[in-house]
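Protein chains in written order, with the numbering used here: chain R, 8 to 189; chain E, 8 to 189.
Glycine included, every Cβ here is placed at the ideal spot set by N, Cα and C.
Computed from a predicted structure; not experimentally measured.
To start, the structure under review is shown below, and the notes come after it.
There are 2 protein chains.
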Amino acid sequence: MTGMALEHAILVSLLEQPGSGYELARRFERSIGRFWTATHQQIYRVLKRMETGGWVLAEEIGQDGRPDKRAYSVTAAGRDALTGWLREPVQPEAVRHELAVKIRGAAFDDDAGRKRLIAEVERYRADHVATLDRYLISENRDFPDRTDPGQRLQHVVLRGGIAYERMLLDWLDDVLGTLRDL
Amino acid sequence: MTGMALEHAILVSLLEQPGSGYELARRFERSIGRFWTATHQQIYRVLKRMETGGWVLAEEIGQDGRPDKRAYSVTAAGRDALTGWLREPVQPEAVRHELAVKIRGAAFDDDAGRKRLIAEVERYRADHVATLDRYLISENRDFPDRTDPGQRLQHVVLRGGIAYERMLLDWLDDVLGTLRDL
DNA sequence: TGATGCTATGCAACGAGTTGCATAGCAAGC
DNA sequence: GCTTGCTATGCAACTCGTTGCATAGCATCA
Numbered sequence: 008m009t010g011m012a013l014e015h016a017i018l019v020s021l022l023e024q025p026g027s028g029y030e031l032a033r034r035f036e037r038s039i040g041r042f043w044t045a046t047h048q049q050i051y052r053v054l055k056r057m058e059t060g061g062w063v064l065a066e067e068i069g070q071d072g073r074p075d076k077r078a079y080s081v082t083a084a085g086r087d088a089l090t091g092w093l094r095e096p097v098q099p100e101a102v103r104h105e106l107a108v109k110i111r112g113a114a115f116d117d118d119a120g121r122k123r124l125i126a127e128v129e130r131y132r133a134d135h136v137a138t139l140d141r142y143l144i145s146e147n148r149d150f151p152d153r154t155d156p157g158q159r160l161q162h163v164v165l166r167g168g169i170a171y172e173r174m175l176l177d178w179l180d181d182v183l184g185t186l187r188d189l
Numbered sequence: 008m009t010g011m012a013l014e015h016a017i018l019v020s021l022l023e024q025p026g027s028g029y030e031l032a033r034r035f036e037r038s039i040g041r042f043w044t045a046t047h048q049q050i051y052r053v054l055k056r057m058e059t060g061g062w063v064l065a066e067e068i069g070q071d072g073r074p075d076k077r078a079y080s081v082t083a084a085g086r087d088a089l090t091g092w093l094r095e096p097v098q099p100e101a102v103r104h105e106l107a108v109k110i111r112g113a114a115f116d117d118d119a120g121r122k123r124l125i126a127e128v129e130r131y132r133a134d135h136v137a138t139l140d141r142y143l144i145s146e147n148r149d150f151p152d153r154t155d156p157g158q159r160l161q162h163v164v165l166r167g168g169i170a171y172e173r174m175l176l177d178w179l180d181d182v183l184g185t186l187r188d189l
């Protein structure tokens with residue numbers, strides 16, 4: 008019961024807003040995917056398992072002009088499963104930071120390799136500038152209601168993303184400085 | 008060739024210092040594991056694969072009073088494999104932040120559940136205070152040589168860890184404040 | 001008209017990561 | 001004397017995550 012947390016991320020997303028597997032996959036690209044990534048295959052597979060286990064209910068919705076979809080909502084049993092999990096201890100994170108491995112690896116490459124790494128870090132940095140911008144735009148647009156508990160919780164998680172991106176950008180500047188005058 | 012980055016983390020670790028599977032596993036608990044986690048089973052399995060592929064060489068070392076060990080070192084082919092990988096683009100990270108899921112999930116739990124989550128966040132925070140302390144001790148102790156390129160690169164990665172932990176502690180205070188006056 | 005892309009779901013195969021267990025001798029403390 | 005813990009390596013079974021592919025109709029743009 009320690010792993011398989013995707014179920015719980017899906018439960019949270021469906022409680023915030025019921026929807027189809029496809030819609031969930033899109034949310035995992037935007038909102039919820041900021042802190043829990045998943046592909047559409049994973050989501051469809053896990054949704055079936057959750058349906059079998061009685062955590063979610065599917066309703067077939069026929070649409071004209073596009074394929075039918077299965078809209079999922081969370082059952083009472085699913086909600087109980089979620090609250091049970093919420094009360095378990097948080098597992099330590101499994102950190103996997105590829106860039107950090109590459110930076111330490113740069114000690115065993117030549118000048119040409121380090122030059123390429125600097126360019127790659129700059130590209131990586133630009134990506135995260137864009138990410139931070141998206142977060143800031145989303146913050147200004149999506150969190151007007153400071154009284155709704157759900158919104159306040161979503162907002163504090165987003166502030167975590169913003170803090171992370173800012174920290175990362177500062178650190179990348181430190182990395183670039185270190186690589187340049189190695 | 009996109010995944011399987013454990014090989015490369017092992018190559019970096021073995022280039023920094025040759026050693027046995029067991030020694031590598033211990034390093035993955037301390038130094039390199041700050042940004043790339045792995046269990047001993049993973050490490051042994053991958054080392055065999057790398058030996059078959061000619062990336063590392065094993066030397067049997069008989070020890071008295073304890074089991075023999077196989078000391079690994081990186082071959083020229085292994086080093087080439089590493090530099091080849093260093094020049095590939097950095098893959099976007101697969102973020103999996105369980106605590107963030109739980110925080111958003113707290114909107115669907117009751118007051119008792121939220122109280123428990125607050126206690127759990129406090130425990131989690133204490134763990135990370137301890138982690139930050141270990142990093143700061145390691146920084147003062149292990150990085151005296153500011154001219155060695157390898158040390159400077161290890162140091163900048165450690166500074167990333169320190170920056171991350173500080174950011175996290177600040178954010179956890181924000182989270183606790185939000186949960187408390189929900 | 002043809003190419004590209006979006007909605008919508010899914011299978012099959014593979015690779016990566018986790019968990020439990022096993023062996024085996026030595027050292028240290030109760 | 002007994003238990004616990006450390007060094008040292010490994011198997012087997014399992015779950016999780018990734019990649020490539022497939023279907024199928026409609027919309028949009030060149």
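Per DSSP, cross-strand counterpart(s) of residue i
i: W43/R; result: R103/E
i: R77/R; result: E67/R
i: G26/E; result: Y79/E
Supposed contact pair residue j and residue i - C-beta distance, whole angstroms, cut 8 Å
i: L64/R; j: L18/R; result: Incorrect: roughly 13 Å between the Cβ atoms, too far for contact.
i: G28/R; j: H47/R; result: 7 Å
i: R94/R; j: L189/E; result: Between L189/E and R94/R the Cβ distance is about 17 Å, and since that is not below 8 Å, they are no contact.
i: E100/R; j: L139/R; result: Between L139/R and E100/R the Cβ distance is about 21 Å, and since that is not below 8 Å, they are no contact.
i: V182/E; j: W43/R; result: About 17 Å; that fails the 8 Å criterion.
i: E146/R; j: I125/R; result: At roughly 31 Å, the Cβ-Cβ gap does not stay under 8 Å, so E146/R and I125/R are not in contact.
i: D75/R; j: E67/R; result: 6 Å
Under 8 Å between C-beta atoms of residue i and residue j
i: K55/R; j: V97/E; result: no
i: S20/E; j: R41/E; result: no
i: Q49/R; j: L106/R; result: no
i: R121/R; j: L186/R; result: yes
i: W178/E; j: G26/R; result: no
i: G91/E; j: W62/E; result: no
i: A133/R; j: G157/E; result: no
i: M174/R; j: M174/E; result: yes
i: R111/E; j: Q161/R; result: yes
i: V81/R; j: L31/R; result: no
Selected residue, minimal CA-CA separation from residue i, among the options
i: V164/E; options: T185/E, D180/E, W178/E, Y142/E; result: Y142/E
i: A83/R; options: R77/E, E58/E, D116/E; result: D116/E
i: V136/E; options: F150/E, D180/E, V53/E, A78/E; result: D180/E
i: G184/R; options: D149/R, D152/R, E129/R; result: E129/R
i: A45/R; options: H104/E, E36/E, R77/E; result: H104/E
i: Y51/E; options: D118/E, A78/E, R123/E, D155/E; result: A78/E
i: R37/R; options: R153/R, D155/R, I144/R; result: I144/R
i: G60/R; options: D87/R, G69/R, I39/R; result: D87/R
Exercise. Taking any Cβ of chain E, which residues in the segment 110–141 of chain R have a Cβ under 7 Å from it, in chain order?
Worked result: I110, R111, G112, A113, A114, F115, D116, G120, R123, L124, E127, Y131
Exercise. When Cβ atoms are compared, which residues of the segment 29–54 of chain E fall closer than 9 Å to chain R?
Worked result: I39, G40, R41, F42, W43, T44
Exercise. If contact means a Cβ-Cβ distance below 9 Å, which residues of the segment 77–111 of chain E contact chain R?
Worked result: V81, R86, L89, T90, W92, L93, R94, E95, P96, V97, Q98, P99, E100, A101, V102, R103, H104, E105, L106, A107, V108, K109, I110, R111
Problem set entry | Residues in the segment 150–173 of chain R having any Cβ partner in chain E nearer than 7 Å | P156, G157, R159, L160, Q161, V163, V164, R166, G167, A170, Y171
Exercise. For the segment 12–25 of chain E, which residues have a beta carbon sitting closer than 7 Å to at least one beta carbon of chain R?
Worked result: A12, H15, A16, V19, L22
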